[in-house]
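Worksheet: one structure, shown below.
2 protein chains.
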Amino acid sequence: MAERTIVVLGGALSGPTAAARARELDDRARIVLVERNTRVSYAVGGLAYHLSGEVPAMDALDREDDGFLEAYYRVDVRKRTEAIALDPTARVVTLRDGAGAIERLAYDALIYGLGAASPIPDVPGLAGDNVRALRTMGDLDAVASALAAGARRFAIVGGGPFGLEAADGLVRRGAEVTLLERNATLLPRFGDAVSTAARRALAAKVDLRLGAALASAESANGKVTRLLLADGGSIAVDYVIVAAGVRPRTELLASAGVALHPDGTARIDDRTRTSAEGVFACGSCVSVSQVISGAPVWWPQAAIADKTAQIAGANAAGGDERLMPATGSMLIRIVDLVVARTGLSYDEARVVLGDDVARTVVNARSQDTFFPGAAPMLLELIWQRSTGRVIGVEASGQVGVDRRIDAASSAIAAGLGVEQLAQLDLGYSPPFGAARDPLNVVATAASSEHKGLGATISPGELRTALGSLQLVDVRPEGDDAGGIAGAKRIPITALRDRLDELDAAKPIVVFSASGRHGWLAVRILAQRGFPGARNLAGGLSAFDREGVGG
Amino acid sequence: MAERTIVVLGGALSGPTAAARARELDDRARIVLVERNTRVSYAVGGLAYHLSGEVPAMDALDREDDGFLEAYYRVDVRKRTEAIALDPTARVVTLRDGAGAIERLAYDALIYGLGAASPIPDVPGLAGDNVRALRTMGDLDAVASALAAGARRFAIVGGGPFGLEAADGLVRRGAEVTLLERNATLLPRFGDAVSTAARRALAAKVDLRLGAALASAESANGKVTRLLLADGGSIAVDYVIVAAGVRPRTELLASAGVALHPDGTARIDDRTRTSAEGVFACGSCVSVSQVISGAPVWWPQAAIADKTAQIAGANAAGGDERLMPATGSMLIRIVDLVVARTGLSYDEARVVLGDDVARTVVNARSQDTFFPGAAPMLLELIWQRSTGRVIGVEASGQVGVDRRIDAASSAIAAGLGVEQLAQLDLGYSPPFGAARDPLNVVATAASSEHKGLGATISPGELRTALGSLQLVDVRPEGDDAGGIAGAKRIPITALRDRLDELDAAKPIVVFSASGRHGWLAVRILAQRGFPGARNLAGGLSAFDREGVGG
Numbered sequence: 129m130a131e132r133t134i135v136v137l138g139g140a141l142s143g144p145t146a147a148a149r150a151r152e153l154d155d156r157a158r159i160v161l162v163e164r165n166t167r168v169s170y171a172v173g174g175l176a177y178h179l180s181g182e183v184p185a186m187d188a189l190d191r192e193d194d195g196f197l198e199a200y201y202r203v204d205v206r207k208r209t210e211a212i213a214l215d216p217t218a219r220v221v222t223l224r225d226g227a228g229a230i231e232r233l234a235y236d237a238l239i240y241g242l243g244a245a246s247p248i249p250d251v252p253g254l255a256g257d258n259v260r261a262l263r264t265m266g267d268l269d270a271v272a273s274a275l276a277a278g279a280r281r282f283a284i285v286g287g288g289p290f291g292l293e294a295a296d297g298l299v300r301r302g303a304e305v306t307l308l309e310r311n312a313t314l315l316p317r318f319g320d321a322v323s324t325a326a327r328r329a330l331a332a333k334v335d336l337r338l339g340a341a342l343a344s345a346e347s348a349n350g351k352v353t354r355l356l357l358a359d360g361g362s363i364a365v366d367y368v369i370v371a372a373g374v375r376p377r378t379e380l381l382a383s384a385g386v387a388l389h390p391d392g393t394a395r396i397d398d399r400t401r402t403s404a405e406g407v408f409a410c411g412s413c414v415s416v417s418q419v420i421s422g423a424p425v426w427w428p429q430a431a432i433a434d435k436t437a438q439i440a441g442a443n444a445a446g447g448d449e450r451l452m453p454a455t456g457s458m459l460i461r462i463v464d465l466v467v468a469r470t471g472l473s474y475d476e477a478r479v480v481l482g483d484d485v486a487r488t489v490v491n492a493r494s495q496d497t498f499f500p501g502a503a504p505m506l507l508e509l510i511w512q513r514s515t516g517r518v519i520g521v522e523a524s525g526q527v528g529v530d531r532r533i534d535a536a537s538s539a540i541a542a543g544l545g546v547e548q549l550a551q552l553d554l555g556y557s558p559p560f561g562a563a564r565d566p567l568n569v570v571a572t573a574a575s576s577e578h579k580g581l582g583a584t585i586s587p588g589e590l591r592t593a594l595g596s597l598q599l600v601d602v603r604p605e606g607d608d609a610g611g612i613a614g615a616k617r618i619p620i621t622a623l624r625d626r627l628d629e630l631d632a633a634k635p636i637v638v639f640s641a642s643g644r645h646g647w648l649a650v651r652i653l654a655q656r657g658f659p660g661a662r663n664l665a666g667g668l669s670a671f672d673r674e675g676v677g678g
Numbered sequence: 129m130a131e132r133t134i135v136v137l138g139g140a141l142s143g144p145t146a147a148a149r150a151r152e153l154d155d156r157a158r159i160v161l162v163e164r165n166t167r168v169s170y171a172v173g174g175l176a177y178h179l180s181g182e183v184p185a186m187d188a189l190d191r192e193d194d195g196f197l198e199a200y201y202r203v204d205v206r207k208r209t210e211a212i213a214l215d216p217t218a219r220v221v222t223l224r225d226g227a228g229a230i231e232r233l234a235y236d237a238l239i240y241g242l243g244a245a246s247p248i249p250d251v252p253g254l255a256g257d258n259v260r261a262l263r264t265m266g267d268l269d270a271v272a273s274a275l276a277a278g279a280r281r282f283a284i285v286g287g288g289p290f291g292l293e294a295a296d297g298l299v300r301r302g303a304e305v306t307l308l309e310r311n312a313t314l315l316p317r318f319g320d321a322v323s324t325a326a327r328r329a330l331a332a333k334v335d336l337r338l339g340a341a342l343a344s345a346e347s348a349n350g351k352v353t354r355l356l357l358a359d360g361g362s363i364a365v366d367y368v369i370v371a372a373g374v375r376p377r378t379e380l381l382a383s384a385g386v387a388l389h390p391d392g393t394a395r396i397d398d399r400t401r402t403s404a405e406g407v408f409a410c411g412s413c414v415s416v417s418q419v420i421s422g423a424p425v426w427w428p429q430a431a432i433a434d435k436t437a438q439i440a441g442a443n444a445a446g447g448d449e450r451l452m453p454a455t456g457s458m459l460i461r462i463v464d465l466v467v468a469r470t471g472l473s474y475d476e477a478r479v480v481l482g483d484d485v486a487r488t489v490v491n492a493r494s495q496d497t498f499f500p501g502a503a504p505m506l507l508e509l510i511w512q513r514s515t516g517r518v519i520g521v522e523a524s525g526q527v528g529v530d531r532r533i534d535a536a537s538s539a540i541a542a543g544l545g546v547e548q549l550a551q552l553d554l555g556y557s558p559p560f561g562a563a564r565d566p567l568n569v570v571a572t573a574a575s576s577e578h579k580g581l582g583a584t585i586s587p588g589e590l591r592t593a594l595g596s597l598q599l600v601d602v603r604p605e606g607d608d609a610g611g612i613a614g615a616k617r618i619p620i621t622a623l624r625d626r627l628d629e630l631d632a633a634k635p636i637v638v639f640s641a642s643g644r645h646g647w648l649a650v651r652i653l654a655q656r657g658f659p660g661a662r663n664l665a666g667g668l669s670a671f672d673r674e675g676v677g678g
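Just so you know, the sequences run in chain order V and S.
Using our numbering, the first residue of the first sequence is number 129, and each one after it goes up by one.
Using our numbering, the first residue of the second sequence is number 129, and each one after it goes up by one.
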């Protein structure tokens, strides 16, 4: 058999990963890697950390130069070259290099990994030397040069993960940042509790404008100088970073008749095969299977791109590897706070499971309370009512958020239930955690609810139902700061003796500071004639948090 | 029905946890908690962190005083009281209080949680005011007072987790520490790779004596002044902390005819029931089910104690909760290093699975290499050859060890395989990790071996087989420091062109710095006439590490 030719389209993360993996499986294949830019293998996810100054040299983000891929993996690297046509029937791809030379390259297998683009939104006047996405090394170079030249007032358009990472980097660098988000909340893939925590953390460091629609931009000398908002406001800027959504770069596939999803991402099977024989796709331009429903989802994230690239590389080289469904884990640093999620959010889960979904929120601590530095950690657990299966986990806090999200991702991928997560034997040492880990705590609360031992009410639900409820503040005596207007005050220690003050005919909601005493109160009430009493999830601190600016 | 009486024996962690949980399930029961000391609910696992100075006030370790248990949970707390007899047939326990008064207390359910003791080994002369275990608040008080009074030279007897935690605390406090371990290695439940890393980290900070048998001790004025070793050596000491094993405090169960395991721990079922009707047991005096075999194991650790206590408390109060098998996660800080494990070690797995066990070791990094502070992380993955199931994971490093162990614990509890772990979608952000997480990296390596794509050899195996092998150093050109004597030098980039220098008739082992290039070399060789070539697991750095003092 003649040696096979594998053509890989796209650099950055997925193309080089796929090429290297293909080489491991087939040492004799001809492997050609095609990249339109001059940098072949770089860390898209690392760009914001050069802005922050944490990664001092931009070159450090170059993971492996083309010389490396050539010497170690014998990959024929074509820089400044674009694929301009694809004929899957003839198995030929047409390339055009920087000098305009055209080559028709026959392949046995093609790996399509052209990623995603961050388009500049169609806003009148929003164009200029100082308007950039932050997706390529070229983008980073431009932004870094502007910073070095004295740009200080940055506007970031978009409150998703990319926008927040850029904000984190620029704030750390000392820039003045205004972040504009069209919607009323940040981080659309997160639930209320953690997205609100993110909003508060960000608002402490940047001028945060939610519900802010960009109307137009004013320019001078080829640079945007001012952004004008639909509400009449305006923002003077030195630089504009656009992070208002991404789109998959799948035009070439589309023109070749390869099947795409309605969102434009490539349709692949669990071997990363597209609808065209011999064409594999991977990276940020494909949809993957979502872990709960198996439905295709577009989660353009580096960790998922890496996994699809490995499978595509192996299978293009004759392997037979299968992609696991993804949990969609996400971890974002917002200056002093870390927020994270895995699995499905409550709203996403409702789309799949309807009313068979519950959520449990707790305010826990990263470590044993006796350990200095133990920091608050908010955890939201989304679970299936009928089976108890863990569907999603979100978290925010200063320390250890990554740890809980990873353990949860593993639990979700494996189909564990809340009872099992409550008992999961996690590593314990006081500098790092608690004997009953925060993840155990939230799962124990969910498990108790699953067993019918006590129900909770979310801050949002409580807010809309306040008038029709009997609200009881069970915080210990002396703990009287804040509170909720109209609540009856019965400290937990006196509850058993003052039950006659409650009206058995009216729904009862109890609350404590963090939810812990409220849970005990619900258990006491359930056994003493008030079986329907509910506990405010996450306690007063969760309710307060939702109250600010919400 | 009359209200039930639940008697809980034992304070510290498990008794109070069980009592509180029992109260949540039964608000009308009479609940009596019996503790021989004056502190009822304290964090045994936190003692070393007061020694270190990190937890400044000893009182902070008191989790909840008896007043709290009485006021919130209406638990009748009996301090300075001991259970001196148990009659499970009559359901009566006999108590003796501090003044010597005797009470025969009838119970409906009894929860036995007397924990474990750290006995002083039977060494001639090893007794005195300055010889203590570190298990109770009284022990901590004594050690802290000695430190305050100027004790500087501490000997710690025992190189298990408790000994290492005490060493960590005392070193941070500035004490001179000698640690004595009878065996040739530290941390008997860990495999070679991580236990060797622990040894190196500890030896940098304390006078570490492995294989050191204590022969006798000399005293003056009621204090031990010198420890004499079997090999003739001696150590002058101000204080001796004994951490040479624990034993379960189950004498009372034994005398009542309740079934114990051969190691003296209480025999419980998955509802924490002992052989005696109405008697539950929990905490550090019981064995639990090991996750892989289901066999009983004694893992006296706070996180497991907490889980058994919750189940015992619920079931004693009429609940029907089941205990999940434990993974035995463990996390230990050794001054500048963190070591951790979960599941079974290679040796433990061999007892259960015989030859159907493999291990894969990699040297990875805590974060993307471009991120400053990215630290080396050693990972060992133990897996089942036939099925690919993940059996155990061990790790050592400076940052993020806790995170990988927890995700692994979850994977092991759920029965995931190496392929699934290789693809597990973990949270990624450059300050915290890598797009291909270290856990993905080690699982990918194991998965490749599972698929037959390339085998590894452990440093220990290589050492014993050196003479009979053809050893090839494939590190890139210029990377020549160190090495292994007798190795042929063929840089990875030249390997394909110099295959004729290899002897096809002799087994080949390749090595690189961390194992990564070695893996590529094995793939190249496998496809070019040398299918049996193996890669040195963890690379040269793992081999070097085992070489020091081993």
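Think of the CB as a built atom: it goes at the ideal place given N, C-alpha and C, for glycine as much as any other residue.
C-alpha gap between residue i and residue j, whole angstroms
{"i": "Gly291 of chain S", "j": "His645 of chain V", "result": "37 Å"}
{"i": "Gly339 of chain V", "j": "Leu308 of chain V", "result": "8 Å"}
{"i": "Pro604 of chain V", "j": "Leu581 of chain V", "result": "22 Å"}
{"i": "Ala188 of chain V", "j": "Leu197 of chain V", "result": "16 Å"}
{"i": "Ala272 of chain V", "j": "Leu179 of chain V", "result": "7 Å"}
{"i": "Val637 of chain S", "j": "Glu476 of chain V", "result": "50 Å"}
Residue i: first and last residue of the uninterrupted alpha helix (DSSP H) it sits in
{"i": "Pro566 of chain S", "result": "566-578"}
{"i": "Met265 of chain V", "result": "265-276"}
{"i": "Ser538 of chain S", "result": "529-542"}
{"i": "Glu309 of chain V", "result": "Note, Glu309 of chain V: premise wrong, no alpha helix (DSSP H); beta strand (DSSP E) at 304-309."}
{"i": "Gln438 of chain S", "result": "430-444"}
Min CB distance residue i to chain S below 7 Å
{"i": "Gln551 of chain V", "result": "yes"}
{"i": "Asp187 of chain V", "result": "no"}
{"i": "Ser457 of chain V", "result": "yes"}
{"i": "Arg401 of chain V", "result": "no"}
{"i": "Ala535 of chain V", "result": "yes"}
Beta strand (DSSP E) segment containing residue i, residue limits
{"i": "Gln351 of chain S", "result": "In the sequence as presented, Gln is not what sits at residue 351 of chain S; that position holds Lys. Where Lys351 of chain S is concerned, the enclosing beta strand (DSSP E) stretches over 351-357."}
{"i": "Pro559 of chain V", "result": "Segment: none, Pro559 of chain V is in no beta strand (DSSP E) and carries neither H nor E."}
{"i": "Thr488 of chain V", "result": "485-493"}
Residues that residue i contacts on chain S, provided the C-beta gap is smaller than 8 Å
{"i": "Ile432 of chain V", "result": "Asp553"}
{"i": "Phe499 of chain V", "result": "Gly174, Tyr177, Glu182, Val183"}
{"i": "Pro559 of chain V", "result": "Tyr177, Glu182, Arg461"}
Closer than 7 Å to chain V by CB, residue i
{"i": "Gly667 of chain S", "result": "no"}
Within chain V, the residues that residue i reaches when beta carbons sit closer than 8 Å
{"i": "Gln495 of chain S", "result": "By Cβ distance, chain V contributes nothing, its closest Cβ being about 10 Å from Gln495 of chain S, past 8 Å."}
{"i": "Ile620 of chain S", "result": "Tyr200"}
{"i": "Asp530 of chain S", "result": "Gly528, Arg531, Gly555, Ser557, Phe560, Gly561"}
Residue i: contacting residues in chain V (beta-carbon distance under 7 Å)
{"i": "Met452 of chain S", "result": "Gln548, Gln551"}
Neighbour list for residue i in chain S, Cβ cutoff strictly below 7 Å
{"i": "Gly539 of chain V", "result": "The residue you asked about is not Gly; residue 539 of chain V is Ala in the sequence shown. Those within 7 Å of Ala539 of chain V in chain S are Ser538, Ala542."}
Original post:
Where are the alpha helix (DSSP H) runs, 4 residues long or more, that stay fully inside the region 184-232 of chain S, in chain order?
Top reply: 194-201
Subject >> Runs of beta strand (DSSP E) wholly within the region 619-649 of chain V (minimum 3 residues, chain order) >> reply: 636-639
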